[in-house]
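This report refers to the structure that appears directly beneath it.
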Amino acid sequence: MYLVRTVSKYHSSRLVHLLETWISLVHEHVYYISDTYPTNITRTHVIATGTTCGPRSHKVRALCCQTIHDFIFYRRHESQYDWFCHFDDDQYVHTDNLHEYLSKLDSNYPYYIGRNSWNTKFGRKKKKKLIQNRQEFIDTFHQQITFGFGLPRTTSQYLPNLFSRNIDPLRMRTVHCLLYTHFKDCQSRIKKTIRSI
């Protein structure tokens with residue numbers, strides 16, 4: 001089970017890119033927490049939290065309230081899935097790598113996999129840079145499970161320009177094409193980029 005947390009102000013700038021990339025590969029197993037119902041998503045796959053958690057808020061109280069709804073969804077569907085995975089709307093998920101990684105773990109035990117959002121002092125985010133240079137990015141690219149796109153300058157600086165910035169502002173489509181090169185559109189874009197080098 002994939003659960004994506006978003007808010008209406010990001011439906012057109014973030015969620016749309018997820019729906020066109022990694023979510024399209026596993027859409028029947030993806031559920032959403034949002035302040036409003038996103039268009040083109042089955043309502044049974046959404047919990048709208050606008051009235052209970054507040055509209056469009058990224059404050060701690062609203063995020064905690066949305067997390068409660070994450071677990072409501074989980075409890076509702078836990079018999080159908082071995083795993084419950086939570087993602088934010090600025091993450092690209094390499095679903096094949098995630099499945100391979102989880103297949104090595106015992107689903108009867110709970111795990112927390114990922115980074116904490118806060119350092120030891122509440123409210124102060126970690127400042128660790130995950131990828132230091134282009135070669136490290138290239139060496140680890142196909143091993144990654146998720147790619148964060150909250151700050152497009154970080155990861156995207158190492159990516160080729162397969163799409164124009166107005167079509168792929170967060171570079172999620174580019175990442176998708178580089179991971180799933182068998183898609184026809186991706187093949188032609190990669191060939192075109194290689195020819196121009």
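Quick note on UniProt numbering: the sequence shown kicks off at 1 and runs consecutively.
Beta carbons are placed, not taken as given, at the ideal position from N, Cα and C, and that holds for glycine.
Terminal residues of the beta strand (DSSP E) in which residue i lies
{"i": "residue 88", "result": "85-88"}
{"i": "residue 174", "result": "Not the beta strand (DSSP E): residue 174 falls in the alpha helix (DSSP H), residues 172-179."}
{"i": "residue 91", "result": "91-93"}
{"i": "residue 148", "result": "146-148"}
{"i": "residue 3", "result": "2-5"}
{"i": "residue 81", "result": "From DSSP, residue 81 is part of no beta strand (DSSP E); its letter is neither H nor E."}
{"i": "residue 32", "result": "30-34"}
{"i": "residue 47", "result": "46-48"}
Residue range of the alpha helix (DSSP H) that includes residue i
{"i": "residue 26", "result": "22-26"}
{"i": "residue 10", "result": "That residue, residue 10, is in no alpha helix (DSSP H); it is neither H nor E in DSSP."}
{"i": "residue 194", "result": "184-195"}
{"i": "residue 63", "result": "60-77"}
Contacts around residue i, its chain only, beta-carbon distance under 6 Å, and the 5 residues preceding and following it disregarded
{"i": "residue 88", "result": "5"}
{"i": "residue 74", "result": "84"}
{"i": "residue 69", "result": "33, 47, 49"}
{"i": "residue 35", "result": "7, 8, 49, 50, 55, 56"}
{"i": "residue 186", "result": "177"}
Contacting residues, own chain, Cβ-Cβ under 7 Å from residue i (five flanking each side not counted)
{"i": "residue 168", "result": "174"}
{"i": "residue 66", "result": "5, 33, 49, 53"}
Residue i beta carbon near the ligand NAP (any heavy atom closer than 7 Å)
{"i": "residue 197", "result": "This structure lacks the ligand NAP, and indeed carries no ligand of any kind."}
_Segment contact flag, the segment 42-49 with the segment 16-23, C-beta cutoff 8 Å, min 3 pairs_ = no
*Specify whether the segment 137-146 and the segment 75-82 touch according to this definition: at least 3 beta carbon pairs, one from each stretch, less than 8 Å apart.*
no
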